[in-house]
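In what follows, a structure is listed as C-alpha cells, so that the remarks can point back to it.
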Amino acid sequence: MTAKVTSQATFEQDVLQADGPVLVDFWAEWCGPCRMVAPVLDQIQAENPDKITIVKLNVDENPELAMKYQITSIPAMKVFQGGEVKTTIIGAKPKPALEKDLAAFIG
Numbered sequence: 000m001t002a003k004v005t006s007q008a009t010f011e012q013d014v015l016q017a018d019g020p021v022l023v024d025f026w027a028e029w030c031g032p033c034r035m036v037a038p039v040l041d042q043i044q045a046e047n048p049d050k051i052t053i054v055k056l057n058v059d060e061n062p063e064l065a066m067k068y069q070i071t072s073i074p075a076m077k078v079f080q081g082g083e084v085k086t087t088i089i090g091a092k093p094k095p096a097l098e099k100d101l102a103a104f105i106g
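Numbering that gives the first Met the number 0 applies: residue 0 is where the sequence shown begins, and numbers increase by one.
What follows is the structure in C-alpha cells.
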C-alpha cells in the first residue's frame with residue numbers, strides 16, 4: 000500500500016476538508032531521505048487506517064503549496080486537522096520516532 004498522492008488541484012478536498020487528521024508528506028523524487036521515510040509512513044498508514052490519512056505532495060510539481068506552507072527542507076510532514084496545521088515534523092526519522100511525534104493522532 001502506498002500513500003495517496005495529492006496536488007494543488009485536490010489538496011483542499013484531500014486535506015483541508017478531510018474528516019480526520021491528514022499527514023501531508025512534502026517530498027521530491029530526487030530526495031533520498033524522502034524515499035527512506037516513505038515506507039515508514041506507509042506502515043503507519045496501514046496500521047492506523049481509521050485514525051490518520053497519509054498523502055504525498057511532490058514539492059517540485061506543486062511549488063505554490065510548498066511555498067504557502069513554508070516548506071524549506073524536505074522531507075517535511077505536516078498534520079492537518081480541521082483545515083489547520085496541527086503539527087510539523089522535519090526530516091526522515093525511524094518509525095518509533097515518527098509514531099511518538101504522531102501519538103496525539105494515532106495513540
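Just so it is clear, CB atoms sit at the ideal spot from N, CA and C, and this is done for glycine as well. Treat the numbers as computed from the prediction; the structure is a model and nothing was measured.
ask   = Does DSSP classify T16 as helix, strand or coil?
value = Reading the sequence shown from its first residue, position 17 is the one you call residue 16. Before going further, note that residue 16 is Gln rather than Thr in the sequence given. Note: Q16 maps to coil in three-state DSSP.
query = What's the C-alpha gap between E28 and S72?
reply = As a working mapping, residue 28 is identified with position 29 in the sequence shown. As a working mapping, residue 72 is identified with position 73 in the sequence shown. E28 and S72 have their alpha carbons spaced roughly 14 Å apart.
request  = Return the residue from the list D49, P74, I53 that minimises the CA-CA distance to L40.
outcome  = Here the question's residue 40 lines up with position 41 in the sequence shown. Measuring C-alpha to C-alpha distances from L40 to each of D49, P74, I53 identifies I53 as the nearest.
query = Using CA coordinates, which residue listed in K3, V58, V14 is at the minimum distance from K85?
reply = On the sequence shown, residue 85 is found 86 positions in, with the first residue counted as 1. Sorting K3, V58, V14 by C-alpha distance to the C-alpha of K85 places V14 at the top.
request  = Write down the C-beta distance between V23 and L56 rounded to the nearest angstrom, noting that I regard them as a contact closer than 8 Å.
outcome  = By 1-based counting over the sequence shown, the position of residue 23 is 24. By 1-based counting over the sequence shown, the position of residue 56 is 57. Cβ atoms of V23 and L56 come within 8 Å of each other, at about 5 Å.
query = So what does DSSP say about E60, is it helix, strand or coil?
reply = Taking the sequence shown and counting its residues from 1, one reaches residue 60 at position 61. Taken through DSSP and simplified to helix, strand or coil, E60 comes out as coil.
CA-to-CA distance, Q42 to G81, given in whole angstroms = By 1-based counting over the sequence shown, the position of residue 81 is 82. By 1-based counting over the sequence shown, the position of residue 42 is 43. G81 and Q42: Cα-Cα distance of roughly 24 Å.
ask   = For I89, does the three-state DSSP call read helix, strand or coil?
value = By 1-based counting over the sequence shown, the position of residue 89 is 90. If DSSP states are grouped into helix, strand and coil, I89 belongs with the strands.
request  = Rounded to whole angstroms, what's the CA-CA distance from D49 to A2? Just pull it up for me.
outcome  = The count along the sequence shown starts at 1 and reaches residue 49 at position 50. The count along the sequence shown starts at 1 and reaches residue 2 at position 3. Distance between the alpha carbons of D49 and A2: 14 Å.
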